[in-house]
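One structure is given below, encoded as structure tokens.
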Amino acid sequence: MSEKPKRSYYLPGKLVTTFDKECAKSGYVKEKVVAAAMLAFLDAGAESRSKMFERLDLFLHGKAKK
């Protein structure tokens, strides 16, 4: 019997592709990188979280919001 994932989230294809390439290039374990990113998000304040979402939007859509 295979273990089922605890959570499932939608992730944009562009983000997943870039993430996979960077992890492979640097030899990182993807699950640990995701866990570290989640912890960084949880530890961040409201302003930092807002900036994270702005950076994600810029990465995905390539436009800076004004």
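Its first residue numbered 999, the sequence shown is counted upward by one per residue in the numbering used here.
Where a beta carbon is used, it is the ideal one built from N, C-alpha and C, also for glycine.
Boundaries (first-last residue) of the alpha helix (DSSP H) holding residue i
i     : result
A1042 : Premise fails: A1042 is in no alpha helix (DSSP H) and is neither H nor E.
V1014 : 1011-1024
Sub-7 Å separation of residue i and residue j beta-carbons
i     : j     : result
C1021 : K1030 : no
Supposed contact pair residue j and residue i - C-beta distance, whole angstroms, cut 8 Å
i     : j     : result
A1042 : M1050 : 7 Å
R1010 : L1058 : Per the sequence shown, residue 1010 should be read as Pro rather than Arg. At roughly 6 Å, the Cβ-Cβ gap stays under 8 Å, so P1010 and L1058 are in contact.
Selected residue, minimal CA-CA separation from residue i, among the options
i     : options             : result
G1060 : L1037, V1032, L1013 : L1013
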